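For the sequence shown, my numbering assigns the number 3 to the initial residue and increments by one for each residue that follows.
By construction, the Cβ of each residue, glycine as well, lies at the ideal position given by its N, Cα and C atoms.
As the structure is a prediction and not an experimental result, all values here were calculated from the model.
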Amino acid sequence: MRTPIAPLPLSTPRCAACGEPAAVQWRRRNVEDPNATDAVYACGPHAITLDAAALVHQADCPAPDPAVLPECGCSPEPAPPPTPVPGAEPTTALPTGWVVPTGT
Ligand SMILES: [Zn+2]
Ligand SMILES: [Zn+2]
Numbered sequence: 003m004r005t006p007i008a009p010l011p012l013s014t015p016r017c018a019a020c021g022e023p024a025a026v027q028w029r030r031r032n033v034e035d036p037n038a039t040d041a042v043y044a045c046g047p048h049a050i051t052l053d054a055a056a057l058v059h060q061a062d063c064p065a066p067d068p069a070v071l072p073e074c075g076c077s078p079e080p081a082p083p084p085t086p087v088p089g090a091e092p093t094t095a096l097p098t099g100w101v102v103p104t105g106t
């Protein structure tokens, strides 16, 4: 006898709080591997703020727990510093060959 099982399509992520199709996603630090992150999904009503969703959250972040929304209850990891754009700052080449920011 076979028991029919309706598998959830893997291509359709679900909100971790209510099971509705996910509308947003963010990253959370993997509990067992600190170098890895896991995707966390949430529907619109259970989403955290856009700013928070841009950051990697702590492994014990409770979001999208409705009890803590729209905050998530953890301190997300700081965003990496923006990559400096070469040439964005005027520089001066000294006779020694050094290139330094142009002083005012
Ligand atoms: Zn939800
Ligand atoms: Zn968090």
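Item                                                                                                                            : Value
Hey, is Ala65 close to ligand 1, as in C-beta under 6 Å from one of its heavy atoms?                                            : no
Apart from the five residues just before and just after Gly21, which ones in its own chain have a Cβ nearer than 8 Å to its Cβ? : none
What I want to know is whether the C-beta of Cys76 ends up closer than 6 Å to one or more non-hydrogen atoms of ligand 2.       : yes
To which residues does DSSP link Asp40 through a beta bridge?                                                                   : Arg30
Does the beta-carbon of Val102 have 16 or more other beta-carbons within 10 angstroms, so that it is buried, or is it exposed?  : exposed
Going by DSSP, what residue range makes up the beta strand (DSSP E) through Ala95?                                              : Thr93 to Ala95
Would the beta-carbon of His59 be found less than 6 Å away from any heavy atom of ligand 2?                                     : yes
Quick one: give me the first and last residue of the alpha helix (DSSP H) that Ala54 is part of.                                : Leu52 to Ala55
Thinking C-beta only, is Pro64 closer than 7 Å to Gly75?                                                                        : yes
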